[in-house]
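The structure under discussion appears below in the form of structure tokens.
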Amino acid sequence: MNMQVNGLHHVTAIAGDAQQNLDFYADVLGMRLVKRSVNQDDPGTYHLFYADAAGSPGSDLTFFPWPQLAPPRPGHGLALEVGLEVPPGSLDFWEARLRRFGVRVAARERRFGEVVLPLEDPHGLRLALVEAAAPRRFEAWDGSPVPAERQVRGLYGARIGERETAPTTAFLERALGMQRLAAEDGWERYGVPGTAGVLDLRAMPDARRGAWGVGAVHHLAWRVDDDTHQAEMRSRAQAAGAVPTPVIDRFWFKSVYFKEPGGVLFELATDGPGFAVDEDAAHLGESLVLPPWLERQRAAIEAALPPLKMPVGTAREAYREM
Ligand code: ZN
502 MNMQVNGLHH VTAIAGDAQQ NLDFYADVLG MRLVKRSVNQ DDPGTYHLFY ADAAGSPGSD
562 LTFFPWPQLA PPRPGHGLAL EVGLEVPPGS LDFWEARLRR FGVRVAARER RFGEVVLPLE
622 DPHGLRLALV EAAAPRRFEA WDGSPVPAER QVRGLYGARI GERETAPTTA FLERALGMQR
682 LAAEDGWERY GVPGTAGVLD LRAMPDARRG AWGVGAVHHL AWRVDDDTHQ AEMRSRAQAA
742 GAVPTPVIDR FWFKSVYFKE PGGVLFELAT DGPGFAVDED AAHLGESLVL PPWLERQRAA
802 IEAALPPLKM PVGTAREAYR EM
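In structure tokens:
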């Protein structure tokens, strides 16, 4: 039995306007919209999934556009930044591209020996492009405006802030089977060797408790092989003090949620069945997909959602004005 998670499965964040979110991730970052669905607990809100061409587990950044929310309150118990892996040697291309679109880009940094370009998405979500070559499955998206050899290859990791790190790091080791991989500049790095998706933690003893808002990370989902592995990891999380939900069928994968000891929302998500279970793999994301139990309400759900157009280069103009 595998007693470890297999790195990151997906990260879900809160966006503002859905069209601006789509324009940025599909047209500027060049990721593929692999699923256009709704928040299953709030079907009046989209749930948009961006990934590589195949929607490979570990490549997926998803959003709930909730433009009516206030900005987040920075603080502990929240994920602070999402890292996206780009190929070694591609940051010159990316920096020039992002600046051309008027994206807020910070100075490059070196973290744990790797070159990192921090930036913000249009709604304030902190991202970092990391030149790395993690062990992962990746399928280039030939519909992307970004050439295949420069494309975002998947999730690199996430940074979280905690009031104190010890309860969380003990949980990562005991419940999720992670190891301490490195430490640098007040950051501790945890992960599972041989998988993609590290977690960097930092103590923020003087900060307030953080709160969600537009531009915040909602949760971090960790990969499990299948139902059996998920059940095992769920009971390990429970034994380590977490209060996990029952298994919830998200249709493209099955999910269990719990908060880690510092308050960050985690999920255990199965690799399968995947995004092609209810759509032709060649046409992922082109139309609104609802889980079967919401199909009967399709007309009402579609009428309540704002229209969403696939970007056709129009984002280029919009971003120049920002
Ligand atoms: Zn999730």
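So for the sequence shown, our numbering puts the first residue at 502; every next one is plus one. Note that beta-carbon positions come from the ideal geometry of N, C-alpha and C, so glycine has one too.
What I want to know is whether the C-beta of residue i ends up closer than 7 Å to one or more non-hydrogen atoms of ligand 1.
| i | result |
| --- | --- |
| residue 645 | no |
| residue 722 | yes |
| residue 527 | no |
| residue 768 | yes |
| residue 513 | yes |
| residue 756 | yes |
Apart from the five residues just before and just after residue i, which ones in its own chain have a Cβ nearer than 6 Å to its Cβ?
| i | result |
| --- | --- |
| residue 504 | 678 |
| residue 521 | 623 |
Return helix, strand or coil for residue i, following the three-state DSSP convention.
| i | result |
| --- | --- |
| residue 729 | helix |
| residue 672 | helix |
| residue 652 | coil |
| residue 677 | coil |
| residue 709 | coil |
| residue 660 | strand |
| residue 820 | Reliability of the predicted coordinates at residue 820 is poor, the pLDDT of 48 falling under 50, and no value is obtained from them. |
| residue 539 | strand |
| residue 770 | strand |
| residue 776 | helix |
| residue 793 | helix |
Determine whether the beta carbon atoms of residue i and residue j lie at a separation below 8 Å.
| i | j | result |
| --- | --- | --- |
| residue 573 | residue 716 | yes |
| residue 630 | residue 512 | no |
| residue 725 | residue 579 | no |
| residue 766 | residue 735 | no |
| residue 785 | residue 535 | yes |
| residue 576 | residue 705 | yes |
| residue 615 | residue 632 | yes |
| residue 824 | residue 588 | Given that the chain is displayed from residue 502 to residue 823, the structure contains no residue 824 and the question cannot be resolved. |
| residue 728 | residue 771 | yes |
Does any CB atom of chain D fall closer than 8 Å to the CB of residue i?
| i | result |
| --- | --- |
| residue 632 | Absent from the structure is chain D; it holds one protein chain and no more. |
What do you reckon, is the C-beta of residue i under 7 Å from a heavy atom of ligand 2?
| i | result |
| --- | --- |
| residue 538 | Inclusion of ligand 2 in the displayed structure is not the case, the ligand content consisting of ligand 1 alone. |
Starting from the C-beta of residue i, find all residues in its chain whose C-beta is less than 7 Å away, skip the five residues before and the five after it, and write them out in chain order.
| i | result |
| --- | --- |
| residue 613 | 683, 685 and 690 |
| residue 818 | Confidence is the limiting factor: at residue 818 the pLDDT is only 47, short of 50, which leaves the residue's position unreliable and the question unanswerable from this model. |
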